[in-house]
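A.B. asks: Take 1 as the starting number for the sequence shown in UniProt numbering and just add one per residue. Glycine is no exception: its CB is placed at the ideal position from the N, C-alpha and C atoms. Quick caveat, the model's predicted, so the values are computed rather than measured. The structure that follows is given in the form of structure tokens.
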Amino acid sequence: MITVVIPTIGRSSLRKAIPEGVPVIVVEDTGRKGPAAARNAGWRAAETPWVVFLDDDVVPGEGWLEALTKDLESLPEDVAGSQGRIEVPLPRDRRPTDAERNTAGLADAEWITADMAYRRAALEKVGGFDERFPRAYREDADLALRMRKAGFRLVRGERVTRHPVRDDGFWASVRFQRGNADDALMRRVHGPEWRSLIGAGGLLPRHAATTALGLTALALAAARALSCADDRGGRGLRGGRGLRGAGAGGVWVMGIAAAGWAWLTATFAWERIAPGPRTPGEVARMVVTSVAIPPAACLHRLRGELRVRR
């Protein structure tokens with residue numbers, strides 16, 4: 001009745017993700033095709049009516065297989081998918097870090113493939129995962145939306161799966177901004193209302209404002225520096241005076257832009273620092289990455305928009 005499909009990048013946690021008593025297909029996901037392609041290869045190799053997708057870093061709860069069977073056995077034909085309940089263990093002796101809070105958000109996320117069962121026939125009907133999504137981001141939400149558009153319903157089951165927290169390094173939150181490129185594909189495929197359809201918020205408008213203010217301040221500062229260099233070089237006394245006179249308004253604009261950038265950046269950093277443990281290391285990480293995240297988000301979104309227009 002059930003086959004489990006697990007795409008893996010070779011994590012040691014894979015052994016904990018493999019449940020006993022059920023056929024399991026493990027698909028290597030270390031190439032450039034991404035998890036969408038790996039999951040497609042897995043479910044197409046399965047011969048059972050239901051295919052359950054697990055990530056290679058989750059731990060199925062006690063009695064998971066029995067609970068899964070109960071979740072699926074009485075579902076009507078118009079229900080194409082059943083999502084497991086995700087638990088994220090957080091430290092009890094301190095506030096969670098930014099990375100831990102981001103992982104904890106998976107507990108409320110909809111239709112994520114950390115533990116998601118689909119009818120094989122429904123996957124066949126909609127064509128499976130869209131392999132244009134190159135990373136583990138949005139490919140699961142895209143599939144869920146296409147299932148709904150095809151007339152299927154998706155439900156939450158009672159089985160429980162734990163998703164441990166891991167620290168992917170100082171710059172993990174900046175690397176995570178690559179997902180903004182995939183948001184461009186979501187908008188192209190599902191329209192501008194796609195966020196409301198999956199209940200996902202976004203900070204891109206604020207990141208765009210922060211980046212625009214920062215670039216404006218830098219551009220005006222560079223122009224003023226060049227003007228001053230021309231003056232010191234004695235190249236055109238009248239031209240130099242003209243630049244100084246015209247630059248008075250530019251200085252004000254530069255100052256306002258710089259102040260706006262500083263305010264938005266500081267606000268963003270504090271919003272990430274305040275609910276956390278506020279250790280020196282965590283504060284330093286939040287300050288530095290809060291400077292880098294807005295331009296990184298905008299750059300990746302621009303890259304995504306250009307890609308979907310090709």
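Are there 16 or more other CB atoms within 10 angstroms of the CB of L302, so buried, or fewer, so exposed?
C.D. replies: Here the question's residue 302 lines up with position 302 in the sequence shown. L302 comes out exposed.
A.B. asks: For V287, I'd like the list of residues in its chain whose CB is within less than 6 Å of its CB, leaving aside the five on either flank, ordered along the chain.
C.D. replies: Numbered from its first residue, the sequence shown carries residue 287 at position 287. Around V287: A269.
A.B. asks: Per DSSP, E28 forms a beta bridge with which residues?
C.D. replies: Taking the sequence shown and counting its residues from 1, the one referred to as residue 28 is at position 28. Paired residues: T8.
A.B. asks: Is the stretch 122-132 touching the stretch 19-30 in the sense that three or more CB pairs, one from each, lie closer than 8 Å?
C.D. replies: Output reads no: the stretch 122-132 does not touch the stretch 19-30.
A.B. asks: CA-CA distance, G249 and L299?
C.D. replies: What you label residue 249 is simply residue 249 of the sequence shown in a count that begins at 1. What you label residue 299 is simply residue 299 of the sequence shown in a count that begins at 1. The straight-line gap from Cα to Cα measures roughly 29 Å.
A.B. asks: For S196, does the three-state DSSP call read helix, strand or coil?
C.D. replies: As a first step, residue 196 must be located in the sequence shown, where it is residue number 196. S196 falls in the helix class under three-state DSSP.
A.B. asks: Given a cut-off of 7 Å on the beta-carbon distance, is the pair V5 and W50 in contact?
C.D. replies: On the sequence shown, residue 5 is found 5 positions in, with the first residue counted as 1. On the sequence shown, residue 50 is found 50 positions in, with the first residue counted as 1. Against a cut-off of 7 Å, the Cβ pair of W50 and V5 comes out as no contact.
A.B. asks: Alpha carbons only, please: which of A296, P7, R15, T48 is nearest the one belonging to E28?
C.D. replies: One-based indexing of the sequence shown puts residue 28 at position 28. The shortest C-alpha separation from E28 is found at P7.
A.B. asks: Ignoring anything shorter than 4 residues, give me the alpha helix (DSSP H) runs that lie fully in the stretch 154-235, in order along the chain.
C.D. replies: 172-175, 179-190, 194-198, 204-232
A.B. asks: For W261, does the three-state DSSP call read helix, strand or coil?
C.D. replies: The sequence position of residue 261 within the sequence shown is 261, counting from 1. If DSSP states are grouped into helix, strand and coil, W261 belongs with the helices.
A.B. asks: In this structure, what does DSSP give as the bridge partners for M116?
C.D. replies: Along the sequence shown, read from residue 1 onward, the residue named residue 116 stands at position 116. Bridge partners of M116: F53, Q83.
A.B. asks: Measure the beta-carbon distance from N180 to A274 and round it to whole angstroms, keeping in mind my assumption that it falls under 8 Å.
C.D. replies: By one-based count along the sequence shown, residue 180 stands at place 180. By one-based count along the sequence shown, residue 274 stands at place 274. About 24 Å separates the Cβ atoms of N180 and A274, ruling out a contact at the 8 Å cut-off.
A.B. asks: Buried or exposed: where does G10 fall if 16 or more other Cβ atoms within 10 Å of its Cβ makes it buried?
C.D. replies: Sequence index remark: in the sequence shown, residue 10 carries index 10 (1-based). Classification for G10: exposed.
A.B. asks: Label T30 either buried or exposed according to how many other C-beta atoms from any shown protein chain fall within 10 Å of its C-beta, with 16 as the threshold for buried.
C.D. replies: Here residue 30 is taken as the residue at index 30 of the sequence shown, counted from 1. Burial state of T30 is exposed, judged by a 10 Å Cβ sphere holding fewer than 16 other Cβ atoms.
A.B. asks: If you compare alpha carbons, which of A292, T279, T69 is closest to T211?
C.D. replies: Taking the first residue of the sequence shown as position 1, residue 211 is located at position 211. Closest by C-alpha distance to T211, out of A292, T279, T69, is A292.
A.B. asks: Considering only C-alpha positions, which residue in the set A172, G105, D168 is nearest to G199?
C.D. replies: Taking the first residue of the sequence shown as 1, we reach residue 199 at position 199. The shortest Cα separation from G199 among A172, G105, D168 belongs to G105.
A.B. asks: With respect to the alpha helix (DSSP H) encompassing P294, which residues constitute its N-terminal and C-terminal limits?
C.D. replies: Here residue 294 refers to the residue found at position 294 when the sequence shown is read from its first residue. 280-308 is the extent of the alpha helix (DSSP H) around P294.
A.B. asks: Tell me the residue span of the alpha helix (DSSP H) that contains R138.
C.D. replies: Translated into the one-based positions of the sequence shown, residue 138 becomes position 138. R138 -> no alpha helix (DSSP H), and no H or E assigned at all.
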